[in-house]
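Residue numbers (numbering that gives the first Met the number 0), protein chains in the order written: chain F, 0 to 552; chain H, 0 to 387; chain V, 0 to 191.
C-beta atoms are modelled at their ideal positions from N, C-alpha and C, and glycine is treated no differently.
Comments concern the structure below.
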Amino acid sequence: MTPTRVSKHHDDDHDHGAHQEPGFLGFVKRWVFTTNHKDIGTLYLTIAMVNFLLAGAMALLIRSELFLPGHRLIAPDFFNTMTTMHGLIMVFGVVMPVFVGLANWQIPMMLGAPDMALPRLNNWSFWLLPFAFTILLSTFFISGSAPNYGWTFYAPLSTKYGPPSTDFMIFAIHIMGMSSILGSINIIATILNMRAPGMKLMQMPMFVWTWLITAFLLLAIMPVLAGTVTMMLTDRHFGTSFFDAAGGGDPILFQHLFWFFGHPEVYVLILPAFGVISEILPTFSRKKLFGYHFMVYATAAIAFLSYIVWVHHMFTAGVPIQAALIFMYSTMLIAVPTGIKIFNWVATIFKGSITFETPMLFAIAFLFMFTLGGFSGLMLAIVPADYQYQDTYFVVAHFHYVLVPGAIFSAIAAVYYWIPKWTGHMYNETLGKLHFWLSTISLNITFFPMHFLGLAGMPRRIPDYALQFTDFNQIATVGAFIFGFSHLIFLYNIIQTVRGKGKKATKRVWEGAHGFEWTLPSPPPYHSFLTPPVFVEEASSHEAWDVSDHHEK
Amino acid sequence: MHTIIRKCCRWMSWMLLLCGVGSAFASKYNMPVGVTPISREIYTLHMTIFWIVVAIGILVFGVLIYALINHRKSQGHVAAKFHSSLKVELIWTIIPFLILIAMAIPATRVLMLMEDDSDADLNIKITGYQWKWKYDYLDENISFFSNLATTQDQIQGKAPKGENYLLEVDKPIVVPTHKKIRFLVTANDVIHSWWVPELGVKRDAIPGFIHEAWAKIEKPGTYRGQCAELCGVGHGFMPIVVVALDEPDYKKWVAEQKGVALKQANALEENKPLTKAELMEAGQKVYGATCTVCHQATGMGMPPAFPALKGSKIVTGDVAKQLSIVLHGVKGTAMQAFGEQLTDKDIAAVVTYQRNSWGNDDQAKFGKAAGGLVQPSEVAAARKASSN
Amino acid sequence: MKNDFQFLREKKQRRLVIALTSFVLMMFGFGYAMVPLYNVLCKQLGINGKTSGRVVLDDTGIDESRVITVQFLATTNAYIPWEFRPRLRTVRMHPGENKAVAYFARNNTDHEMTVQAIPSVTPSGAAKYLKKTECFCFTQQKMKGQEEMDWPLLFHIDKNVPKNIHTITLAYTLFDVTKSHAQVIESNQGHL
Chain F
0 MTPTRVSKHH DDDHDHGAHQ EPGFLGFVKR WVFTTNHKDI GTLYLTIAMV
50 NFLLAGAMAL LIRSELFLPG HRLIAPDFFN TMTTMHGLIM VFGVVMPVFV
100 GLANWQIPMM LGAPDMALPR LNNWSFWLLP FAFTILLSTF FISGSAPNYG
150 WTFYAPLSTK YGPPSTDFMI FAIHIMGMSS ILGSINIIAT ILNMRAPGMK
200 LMQMPMFVWT WLITAFLLLA IMPVLAGTVT MMLTDRHFGT SFFDAAGGGD
250 PILFQHLFWF FGHPEVYVLI LPAFGVISEI LPTFSRKKLF GYHFMVYATA
300 AIAFLSYIVW VHHMFTAGVP IQAALIFMYS TMLIAVPTGI KIFNWVATIF
350 KGSITFETPM LFAIAFLFMF TLGGFSGLML AIVPADYQYQ DTYFVVAHFH
400 YVLVPGAIFS AIAAVYYWIP KWTGHMYNET LGKLHFWLST ISLNITFFPM
450 HFLGLAGMPR RIPDYALQFT DFNQIATVGA FIFGFSHLIF LYNIIQTVRG
500 KGKKATKRVW EGAHGFEWTL PSPPPYHSFL TPPVFVEEAS SHEAWDVSDH
550 HEK
Chain H
0 MHTIIRKCCR WMSWMLLLCG VGSAFASKYN MPVGVTPISR EIYTLHMTIF
50 WIVVAIGILV FGVLIYALIN HRKSQGHVAA KFHSSLKVEL IWTIIPFLIL
100 IAMAIPATRV LMLMEDDSDA DLNIKITGYQ WKWKYDYLDE NISFFSNLAT
150 TQDQIQGKAP KGENYLLEVD KPIVVPTHKK IRFLVTANDV IHSWWVPELG
200 VKRDAIPGFI HEAWAKIEKP GTYRGQCAEL CGVGHGFMPI VVVALDEPDY
250 KKWVAEQKGV ALKQANALEE NKPLTKAELM EAGQKVYGAT CTVCHQATGM
300 GMPPAFPALK GSKIVTGDVA KQLSIVLHGV KGTAMQAFGE QLTDKDIAAV
350 VTYQRNSWGN DDQAKFGKAA GGLVQPSEVA AARKASSN
Chain V
0 MKNDFQFLRE KKQRRLVIAL TSFVLMMFGF GYAMVPLYNV LCKQLGINGK
50 TSGRVVLDDT GIDESRVITV QFLATTNAYI PWEFRPRLRT VRMHPGENKA
100 VAYFARNNTD HEMTVQAIPS VTPSGAAKYL KKTECFCFTQ QKMKGQEEMD
150 WPLLFHIDKN VPKNIHTITL AYTLFDVTKS HAQVIESNQG HL
């Protein structure tokens, strides 16, 4: 145990598990009414995993159709519903819930708190989600097609020309937004009010910091999205014309509103990932995170800049040159704080004492491939070149590089990193490594060729393509199937760990791990810290990062 | 220190080799250089930024890989204690900032070039439709729709796919070389995007709004592009073909077009009754070009989005109802109004074709209204008749 | 599950939750506030080529040193069965000069329809210098079946128009805003 951190958690067994009545009804009641942060975290992670497999299957359908030119498996309209649903579910149903799940599990433990600040609200914000996704998926059974206008649902394709199921999508988005807002309020309240005595804001773990900033981003943007879809709804049914030129509205206004939400949204998806990486790299490098303060400032700077770059999604929609210039510069500027983060991570592992356990492997893959995605992002910021890249597979390659090895990989890394703590058992390292290599290699086989397809002129969201694009589409499809199925290994590994198949985990689990959560037993007690641990100023703790002190066998 | 440098050099040479291979293969998979001054500027800009990014990548990944190889615990490396340095942080804040400025300067210059506002030699209005393009030559009084020419048989895999599969149209837009062409882009229904990579032009077509772009093509040739903004089920099936001709050839084309327009106008005047064979033959053509994307060659459609026409209550029922739908479309569905884009004869033919195909003319099964011929004059009457 | 630890914080908590909730409501309002804000910005900056409303005739003289070409375009939206075209495709005029032109419109159906013409100007920087004294786009236009008409447009170009503008394109798109017509098409829906 760290000599500088004194924790006085209760090891008494009076609260070592959830209260559960016998039988199936007891099981249902426990999970439906639970207000425990760990239970709710588990629920979030479960729904994210289910959605991940579902939206992943949709991606495989898309890739199958694109394996060869010509109409093969699915009709063009169904193809469009697949791209739409894949995007919507991956964004709202996978990446957002998975990080909320991680926040639920980790933030109270990292802060030395017993639970989240608002447990009942927490229950509600989770249980809204299954309803939202049921409504969203029910659109497949509504006559006249499920949503088929892309996850960006641009007007007027989604308003005047949208199928009847659009209203269901709008309703689903309202509920998801509500869930995100409630979750964010809870996270902010927890972070601001539940820290262990003595822990100042600038002493919080990076994962907590990134979530604090993310939560504020969510609070600011989800209401705008809710407003936007409400305008869609009134345009469709109540005679308003926000987005209809006929009544004095403007379809471009929709894009402004959507991207005012949408651009910060991509940082909502990636900032918690930054936090996870900032936890994992120091642990397996056995070296303190480099430039903690700058990491916090950079995260805040990215969040701030994310509000003033949204027009870069709309350069081809006819933006006056002055505006194009301003938004090009502000977009390029994001490269500075993002660069700071990358450089600090590299400096963290530089001269460390590195080992390559599965979480570390995924974190390193994140460093390489997220940077690649950042590079293509920088290229996309250049307005004249963007005229050629916009709405091509180059963009598809770009955002899959930042989201898959970015957000998804860091979530996977986080699960491998913390699952021994959660379950008290180690996962199977061999299977973890197999999962890593299969998914990393296949990911590049899938998405790297898309850069070339885009540059060669293949537009995105087309169900059929010209013959010259065949070879790279075939490569991408093969990669996608390997990538998809590699995650079954992950699923199997998780299930085995939860069932207690691995060897027992120690308190600290990882040799180089630091923070309150590692002072609790594995698995931790049901209510993490009933008596808050005392956080001692870490002035001298940098010396304490000498690993030899922390061996706990 | 010496070994570090040597290792770095080795990595660099590997990277350079990779880049060499890359550029050889780039000719096919890179952005096209194009045939306009702007497209060439964009290409140069693209490559400049690309190489800057590659250089940064080599540097960052180089350090990263070096650390991963040399600072492993298994190598007995003990972790250093440093964890912050204001100097280093400032360096890697300021240097990237300077690199960005270096990138922004050429980008701004090219963007300014694109804003050229000198007078154009030729103005062409481009209107995006679900799922075709319409071109209006403002100075010449030429106007036509440009549809996908690839047959459904090719798409369905019943015929071998041609060289320009999905990138061919029935009537390309023809333009002169070495002239400044101004494109005025708008849309009829939803947002489309007119994109021809080799001209370096991509402009969103937005209903109710007009936007412009321009190009000066330096080389005669055929340049192909596609719609770049998701616009519904036919989004992948509305290509753009630009044929650039030298001035004399272009003049000849313009003269021809004016002759064609005159002939078409005369033909429309006739509107005389047609035989069933004539209607069925013409109808099959129109059906193939206009209806099969959704309703399929088999008439089976793709329910529920695109209902089957085979045995459909509308196609086997009252002609007036069917004509009304073909002319005015169905709100809230993909069924658009074909009144403007098809002639009376086309509509008469395609409706006759639908009513007499796939067993739809079976009066025993569907009642007396099934089958029958529809003449262009009936379509003309239906157009005039109040939809009420 | 409540203990002292939580109890002490409850008051602070409530205040924070109230503050955050009001922030959320404010942002919801902000989304709606973007709508008028956007329209003002559009008219000031010429985003999307939006023109402003009615102005008075310009009688402060003509800048004869410059000639500007104004092109007229017409589009009918969503295949409405109307004929709609400018009588003149282009005019050449001086800044400050008042010009009257006409658009020909014909309702090719047999029933009365109401339409709205939406103007758009390119280059967008020119939008705020193109000033209309009288325009058929100021109000909705109603025409009986088979009726035809010349719609007037009286405008001038502001003398402050930037030097680099030589050609201005004014495009009108005609939208059907007839209530009954929409209902007719909607009634078709039931039959599919």
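Just to confirm, is the Cβ distance from residue i to residue j under 9 Å?
{"i": "Leu280 (chain F)", "j": "Met359 (chain F)", "result": "yes"}
{"i": "Leu137 (chain H)", "j": "Thr89 (chain V)", "result": "yes"}
{"i": "Pro383 (chain F)", "j": "Val109 (chain H)", "result": "yes"}
{"i": "Ala346 (chain F)", "j": "Ser409 (chain F)", "result": "no"}
{"i": "Val207 (chain F)", "j": "Gly274 (chain F)", "result": "yes"}
{"i": "Pro523 (chain F)", "j": "Lys420 (chain F)", "result": "yes"}
{"i": "Ile418 (chain F)", "j": "Val93 (chain F)", "result": "no"}
{"i": "Gln321 (chain H)", "j": "Gln353 (chain H)", "result": "yes"}
{"i": "Ile381 (chain F)", "j": "Met111 (chain H)", "result": "no"}
{"i": "Phe289 (chain F)", "j": "Phe367 (chain F)", "result": "no"}
Span of the beta strand (DSSP E) holding residue i?
{"i": "Val403 (chain F)", "result": "Element bounds for Val403 (chain F): n/a, residue is neither H nor E."}
{"i": "Ile156 (chain V)", "result": "147-156"}
{"i": "Met425 (chain F)", "result": "Run containing Met425 (chain F): none; DSSP gives neither H nor E here."}
{"i": "Lys130 (chain V)", "result": "129-134"}
{"i": "Tyr222 (chain H)", "result": "220-226"}
{"i": "Thr89 (chain V)", "result": "89-92"}
{"i": "Ile73 (chain F)", "result": "It is not in any beta strand (DSSP E) - Ile73 (chain F) carries neither H nor E in the DSSP assignment."}
{"i": "Val345 (chain F)", "result": "From DSSP, Val345 (chain F) is part of no beta strand (DSSP E) but of the alpha helix (DSSP H) over 334-348."}
Quick one: is residue i buried, meaning 16 or more other Cβ sit within 10 Å of its Cβ, or exposed?
{"i": "Gly247 (chain F)", "result": "exposed"}
{"i": "Arg119 (chain F)", "result": "exposed"}
{"i": "Asp149 (chain V)", "result": "exposed"}
{"i": "Thr487 (chain F)", "result": "This sequence places Leu at residue 487 (chain F); Thr is not what is there. With fewer than 16 other Cβ atoms within 10 Å, it is exposed."}
{"i": "Asp390 (chain F)", "result": "buried"}
{"i": "Lys37 (chain F)", "result": "buried"}
{"i": "Tyr491 (chain F)", "result": "exposed"}
{"i": "Val173 (chain H)", "result": "buried"}
{"i": "Val39 (chain V)", "result": "exposed"}
{"i": "Met113 (chain H)", "result": "buried"}
{"i": "Ser157 (chain F)", "result": "buried"}
{"i": "Glu197 (chain H)", "result": "buried"}
{"i": "Leu87 (chain V)", "result": "exposed"}
{"i": "Thr1 (chain F)", "result": "The predicted model places Thr1 (chain F) with a pLDDT of 36, which falls under 50 and marks its position as unreliable, so this point remains unresolved."}
{"i": "Pro118 (chain V)", "result": "buried"}
{"i": "Ser84 (chain H)", "result": "exposed"}
{"i": "Gly156 (chain H)", "result": "exposed"}
Name the one or two DSSP bridge partners that residue i has.
{"i": "Ile117 (chain V)", "result": "V:Thr172"}
{"i": "Asp203 (chain H)", "result": "H:Ser192"}
{"i": "Gln140 (chain V)", "result": "V:Val114"}
{"i": "Asp138 (chain H)", "result": "Bridge partners of Asp138 (chain H): none, in fact."}
{"i": "Ile353 (chain F)", "result": "H:Arg71"}
{"i": "Met301 (chain H)", "result": "H:Phe305"}
{"i": "Glu82 (chain V)", "result": "V:Arg105"}
{"i": "Ile125 (chain H)", "result": "H:Tyr134, H:Val184"}
Span of the alpha helix (DSSP H) holding residue i?
{"i": "Met359 (chain F)", "result": "357-380"}
{"i": "His18 (chain F)", "result": "Element bounds for His18 (chain F): n/a, residue is neither H nor E."}
{"i": "Leu216 (chain F)", "result": "205-236"}
{"i": "Lys364 (chain H)", "result": "362-365"}
Could you give the uninterrupted runs of the alpha helix (DSSP H) lying entirely in the stretch 84-164 of chain F, keeping only those of 4 residues or more?
95-110, 118-137
Counting only runs that start and end within the stretch 127-190 of chain H, where is the beta strand (DSSP E) found for 3 or more residues in a row?
131-136, 141-145, 172-175, 179-186
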